[in-house]
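First residue of the sequence shown? That's 411 in the working numbering, and the numbers climb one at a time after it.
Quick reminder that beta carbons are idealized off the backbone N, C-alpha and C, glycines included.
Keep in mind the model is a prediction, meaning the values are calculated, not measured.
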Amino acid sequence: MDENSKGREHWATRAGFVLAAAGSAIGLGNIWRFPYMTGEHGGAAFIVIYLIAILLLGYPLIVNEIILGRASQRDPVGAFRALAPNSPWWLVGGLAVFTGFIILSYYAVVAGWSLAYVYKVVIATQSPGIDHASVFTHHITSVWEPIAWQALFMALTVGIIAAGVVKGIQRWVTILMPILFVLLIILIIRSVTLPGAGAGLAYYLKPDFSEVTGRTLLGAISQAFFSLSLGMGALITYGSYLNSKDEIPGNAAYVVGLDTLVALLAGLALFPAIFALGFEPGAGPGLVFITLPAVFAQMPLGGIFGVLFFFLLGIAALTSAISLLEVVTAWLIDEKGWRRRNAAIFMGLLIFIVGLPATLGYSVFKDFSFPALGTDLLDTYDWFANSILLPLGGILSAIFAGYIWGIKNAVHEANKGGAFFRLGRGWAFLIRYIVPVLIVIIMAVGIYDSFFK
Ligand code: PFF
């Protein structure tokens with residue numbers, strides 16, 4: 411990043427913003443969460459609803475967050491304060507910081523599983539006839555090992571945010587993420603050529619809307635928000651490092667397109683294999699950790715591919731975790747005057763501690779569960795953050811731009827800096843009417859169904 415005359419850092423190149431935003435968006439959400447949500451909600455029908463949610467809610471809201479950041483040149487709390495002084499709207503920024511805190515607390519747990527699988531996948535692929543589901547269960551039900559990996563992942567995230575070496579990380583990511591992409595393609599080829607893959611392809615591609623409920627709809631919007639890093643100020647923060655010459659509508663579309671593509675590819679790598687190898691599509695958060703080692707076991711050099719894959723998944727998770735911790739840390743720095751290093755370490759430690767019950771939800775705390783809110787504690791954290799907090803952040807930021815800051819200002823801001831295409835009435839209509847109304851309805855039926863059905 412470069413400093414401009416006012417002293418705020420800005421992305422050094424046009425690609426800087428897109429890379430950081432894509433790095434935030436692409437992560438465990440695409441490769442771990444998207445497939446298991448699809449499997450829990452019946453396959454292709456979920457995907458169709460997800461894609462509609464991306465178009466009607468995801469894209470408009472991504473643009474909205476980026477312009478709130480750029481117009482204000484502030485962190486989320488400061489952004490609302492700057493655009494609506496002397497009003498309680500800064501609380502929406504506060505909600506965003508809280509949400510980032512909760513998400514990172516359990517995100518690090520799953521990222522830790524991925525790191526552990528960098529070597530577990532070798533054992534799994536080298537032992538013929540091994541039960542892949544029990545390898546996973548054994549890992550998450552032990553006490554100290556998952557905690558150690560979670561701690562390592564948090565330490566890496568804190569280290570990067572404290573040192574501010576995001577630029578170096580970005581250089582590596584541009585090299586590493588294309589490799590992850592190629593690995594996904596290789597996995598897809600192996601997966602669809604397994605005998606019996608056809609049933610999985612049909613499940614993934616032929617929608618059956620008969621099972622769609624309010625929970626499916628809420629699941630699809632929660633996935634859209636989570637995957638696009640929406641509703642918690644990550645994009646306000648990243649947008650605040652843009653200047654008025656930067657293009658927004660096209661870059662936002664690029665990030666949305668890339669994120670969606672990676673999720674769809676991950677599903678295509680998994681579902682044919684799930685059906686061919688006799689796994690359960692509704693297996694929940696363990697799905698990718700159970701299915702993929704079994705696919706690697708069916709490939710020449712599978713162990714090596716497996717190691718590479720889980721390592722790269724860990725890196726993808728790291729670039730997302732960075733954006734989560736950056737929001738929380740930036741708040742302590744900007745609003746409370748902390749030093750960056752202290753803020754990152756303090757928050758990292760607190761987030762690690764808050765995440766411990768989620769890690770231990772499969773062992774020590776396995777009897778604590780809230781059936782309406784997920785199958786275990788990690789699932790409960792996830793439900794609360796993604797089905798409640800993120801959509802709430804989305805509605806409030808849309809209402810803010812549409813009615814408080816003013817839609818004219820918003821449209822003007824979105825098109826500033828030369829656009830590949832211009833946003834106008836259509837986008838304004840989505841932000842003012844469709845986004846708030848649709849989210850309220852879906853949250854209402856989704857929550858009702860979760861508790862009373
Ligand atoms: N988008 C990330 C993923 O799909 O893994 C997760 C995430 C990152 C959510 C940053 C929210 C956020 F602010």
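Across the set Phe831, Lys863, Ile857 and Gly696, the C-alpha of Gly696 shows the shortest separation from the C-alpha of Val520. Taking 8 angstroms as the cut-off, the Cβ atoms of Gly643 and Ala506 count as close.
Distances from the CB of Leu438 to the heavy atoms of the ligand PFF include at least one below 7 angstroms. If you draw a straight line from the Cα of Leu645 to the Cα of Asn819, it comes to about 18 angstroms. Annotated three-state conformation of Glu657 is coil, per DSSP.
Taking the Cα positions, Leu594 is about 33 angstroms away from Ala754.
About 6 angstroms separates the beta carbon of Leu466 from that of Ile844, a gap short enough to meet the 8 angstroms contact definition. Within the same chain, Ala518, Gly758 and Phe762 come within 6 angstroms of Met564 by CB-CB distance, once the 5 residues on both sides are set aside. Here Val764 has Phe511, Ile512 and Ser515 as same chain residues with Cβ atoms under 8 angstroms from its own Cβ, once five neighbours each way along the sequence are excluded.
Judged by the Cβ position, Ser650 fails to qualify as a neighbour of the ligand PFF at the 7 angstroms threshold, every heavy atom of the ligand being at least this far. By the CB criterion at 8 angstroms, Gly439 and Phe636 fall inside the cutoff. When DSSP states are grouped into helix, strand and coil, His451 belongs to the coil group.
Counting every other CB atom within 10 Å of its CB across the protein chains shown gives Ser733 a total of 16 or more, marking it as buried.
Annotation for Ile513 indicates a beta carbon within 7 angstroms of some heavy atom of the ligand PFF. For Ala686, same chain residues with a beta-carbon under 7 angstroms away, outside a window of 5 residues either side, are Leu604, Pro605, Gly606, Ala607 and Gly610 in chain order. Out of Ala829, Gly771, Trp793 and Ala431, the CA that lies nearest to the CA of Gly629 is found in Trp793. In the DSSP annotation of this structure, the continuous segment of the alpha helix (DSSP H) that includes Asp859 starts and ends at Val845 to Phe862. Glu419 carries a strand assignment under DSSP once its states are collapsed to helix, strand and coil. With a cutoff of 7 angstroms, Met642 counts as near the ligand PFF, since its C-beta is closer than that to a heavy atom of the ligand.
The C-alpha of Met709 lies about 27 angstroms from the C-alpha of Trp559. Taking the C-beta atoms as reference points, Leu525 is found nearer than 8 angstroms to Gly724. Out of Ala432, Glu745 and Ile817, the CA that lies nearest to the CA of Val583 is found in Ala432.
In this structure, Gly468 and Val666 form a Cβ contact; the two beta carbons are roughly 6 angstroms apart against a cut-off of 8 angstroms.
The beta carbon of Ala489 sits no closer than 7 angstroms to any heavy atom of the ligand PFF. The ligand PFF never approaches Gly522 closely enough for any of its heavy atoms to be under 7 angstroms from the residue's Cβ. Taking 7 angstroms as the cut-off, the C-beta of Ala435 counts as close to a heavy atom of the ligand PFF. Only residues of its own chain outside the window of five on either side were considered, and among them Gly479, Asp485, Pro486, Ser733, Glu736, Val737 and Ala740 have a CB closer than 8 angstroms to the CB of Thr647, listed in chain order.
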